[in-house]
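Chemist: Taken in order, the sequence shown gives residues 204 to 513; the numbers are from the numbering used here.
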Amino acid sequence: MALRFFNTYSRQIEEFQPRHDKKIDIYTCGPTVYSRAHIGNFRAYIFEDLLQRHLETRGFKVHRVMNITDVDDKTIRGAREAKVPLQKFTEQFKEAFFKDAETLRIKRADDYPSATDQRYIDKMIAMIGALIAKGLAYQADDKSVYYRINKFPNYGHLAHLDLSELRPTGRVRNDEYDKEHVGDFALWKAWDEEDGDVKWDSPWGPGRPGWHIECSAMATTILGDQIDIHCGGVDNIFPHHEAEIAQSEGVTEKKFVNYWLHCAHLLVDGQKMAKSLGNFYTVPDVLAKGYTGRELRYALMRVHYRSQLN
Numbered sequence: 204m205a206l207r208f209f210n211t212y213s214r215q216i217e218e219f220q221p222r223h224d225k226k227i228d229i230y231t232c233g234p235t236v237y238s239r240a241h242i243g244n245f246r247a248y249i250f251e252d253l254l255q256r257h258l259e260t261r262g263f264k265v266h267r268v269m270n271i272t273d274v275d276d277k278t279i280r281g282a283r284e285a286k287v288p289l290q291k292f293t294e295q296f297k298e299a300f301f302k303d304a305e306t307l308r309i310k311r312a313d314d315y316p317s318a319t320d321q322r323y324i325d326k327m328i329a330m331i332g333a334l335i336a337k338g339l340a341y342q343a344d345d346k347s348v349y350y351r352i353n354k355f356p357n358y359g360h361l362a363h364l365d366l367s368e369l370r371p372t373g374r375v376r377n378d379e380y381d382k383e384h385v386g387d388f389a390l391w392k393a394w395d396e397e398d399g400d401v402k403w404d405s406p407w408g409p410g411r412p413g414w415h416i417e418c419s420a421m422a423t424t425i426l427g428d429q430i431d432i433h434c435g436g437v438d439n440i441f442p443h444h445e446a447e448i449a450q451s452e453g454v455t456e457k458k459f460v461n462y463w464l465h466c467a468h469l470l471v472d473g474q475k476m477a478k479s480l481g482n483f484y485t486v487p488d489v490l491a492k493g494y495t496g497r498e499l500r501y502a503l504m505r506v507h508y509r510s511q512l513n
């Protein structure tokens with residue numbers, strides 16, 4: 204029986220055709236380690252675990268990569284408030300993530316690359332340089348480097364987004380209005396005092412990578428220019444996964460991912476579970492109520508992955 208997936212990119216159910224006969228590469232966006240992952244995050248990770256197990260029962264050899272985002276605005280802010288080095292701050296949440304994943308019987312990925320690993324930083328810088336050379340990126344007056352979305356014809360295709368409808372949001376800082384387009388996203392963020400000692404040297408001055416380029420660099424370094432399946436939560440579709448496509452294909456000029464699979468939100472009283480809303484539960488929270496890891500795993504997988512679970 205043929206295997207079929209709903210591909211977010213095409214919005215259609217498609218027959219799965221791996222690039223190699225019995226070998227499948229999967230990349231998935233893992234946790235941002237500024238706090239403990241909540242069970243909404245783990246719903247997506249359990250789906251990805253089930254996907255891998257199913258593929259393996261069909262005789263495929265799966266190489267799954269899950270990144271760890273250990274440098275971004277939230278991790279830097281958390282380390283600064285805790286008055287500890289960034290690495291020490293994030294390490295506690297990395298350990299908590301692996302402990303919770305084990306409790307939920309989630310099979311370990313083959314690779315867990317961290318964004319701060321120097322070989323990935325080097326790849327990020329190389330990719331940004333290539334994008335600038337092709338006219339797809341530019342350094343603005345604020346010294347940060349941005350992706351020029353108007354130069355990438357397929358930008359917005361994954362999210363089925365009309366670029367003319369993009370508007371500034373509360374997340375766009377005042378000092379970013381010198382960008383050519385409000386939708387241009389940061390590839391390299393110029394260092395400022397709030398970053399403390401979190402910085403790397405680059406051809407554009409000291410700074411740190413943007414969130415999106417981190418995944419493009421880690422995915423292509425480990426799995427190559429093209430990937431069979433990319434997973435994540437629906438909240439990753441835009442802007443994160445949209446940006447990954449623009450960056451990766453902008454550099455390689457090859458189709459980055461063949462199948463995009465996204466897991467729907469976990470809801471609490473009809474609202475998305477989110478740390479920003481304060482309506483989240485962690486694995487230890489649920490265990491403290493007397494439930495087991497097996498029971499929680501079942502609860503999170505009992506509804507179709509593309510359906511919201513309240």
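Each residue gets a CB set at the ideal place from its N, CA and C atoms; glycine is no exception.
#1: Use the C-beta contact count for H223: other C-beta atoms within 10 angstroms, 16 or more gives buried, fewer gives exposed.
#2: What does F208 pair with, by DSSP beta-bridge criteria?
#3: Quick check: the segment 304–319 against the segment 264–273, are at least 3 beta-carbon pairs closer than 8 angstroms?
#4: Less than 6 angstroms between C-beta atoms, sequence neighbours within five positions excluded: which residues of the same chain meet that for T455?
#5: Alpha carbon to alpha carbon, how far is V460 from D431? Give it in angstroms, no decimals.
#6: In this structure, how does DSSP classify Q429 when only helix, strand and coil are distinguished?
#7: Select from A304, L361 and L364 the residue whose C-alpha is nearest the C-alpha of T495.
#8: Classify Q200: buried if its beta carbon has 16 or more other beta carbons within 10 angstroms, exposed otherwise.
#9: Can you give me the start and stop residues for the alpha helix (DSSP H) that L226 sits inside?
#10: Does the segment 211–226 come within contact of the segment 236–247, defined as at least 3 CB pairs closer than 8 angstroms?
#11: For the beta strand (DSSP E) that contains H465, what are its first and last residues?
#12: Considering just the uninterrupted stretch of the alpha helix (DSSP H) at K337, what are its terminal residues?
#13: Nearest-angstrom Cα distance between K337 and H507?
#14: Please name the residue, chosen from Y237, L307, D345 and L258, that lies closest to K225 on a Cα-to-Cα basis.
#15: Judging by CA-CA distance, which residue of F209, L390, R505 and R283 is the nearest neighbour of I335?
#16: Between L469, C434, A420 and G435, which has its C-alpha nearest S451's C-alpha?
#17: Could you tell me whether the Cβ atoms of I279 and E396 are closer together than 9 angstroms?
#18: Give the single residue among R214, Y212, P234 and R261 whose Cα lies nearest to the Cα of L206.
#19: Looking at C-alpha atoms only, which residue of V385, D387 and D404 is the closest neighbour of W394?
#20: Find out if the Cβ-Cβ distance for the pair Q321, W407 is shorter than 9 angstroms.
#21: Run through the DSSP bridge pairs and tell me what K326 is partnered with.
#22: L469 and V486 - do their beta-carbons sit closer together than 9 angstroms?
#23: Whole-angstrom Cβ separation of F300 and P234, contact assumed at under 8 angstroms?
#24: Out of H433, I440, M330 and D273, point me to the one whose CA is closest to H363's CA.
#25: With 16 as the cutoff for other CB atoms within 10 Å, does R505 come out buried or exposed?
#26: Rounded to whole angstroms, what's the CA-CA distance from T306 to H444? Just pull it up for me.
#27: CB L464 to CB R246, shorter than 9 angstroms?
#28: Under the three-state reduction of DSSP, which class applies to L469: helix, strand or coil?
#29: Helix, strand or coil, according to DSSP, for D365 in the structure here?
Modeler: Taking the definition as stated:
#1: exposed
#2: E217
#3: yes
#4: D428
#5: 6 angstroms
#6: coil
#7: A304
#8: As shown, the chain starts at 204 and ends at 513. That puts residue 200 outside it, with no answer to give.
#9: Just to set this straight, residue 226 is Lys in the shown sequence, not Leu. Careful: K226 lies outside any alpha helix (DSSP H), inside the beta strand (DSSP E) at K226 to T231.
#10: no
#11: V460 to C466
#12: No alpha helix (DSSP H) contains K337, which DSSP labels as neither H nor E.
#13: 42 angstroms
#14: L258
#15: L390
#16: A420
#17: no
#18: R261
#19: D404
#20: no
#21: In DSSP, K326 forms no bridge with anything.
#22: no
#23: 5 angstroms
#24: I440
#25: exposed
#26: 29 angstroms
#27: no
#28: strand
#29: coil
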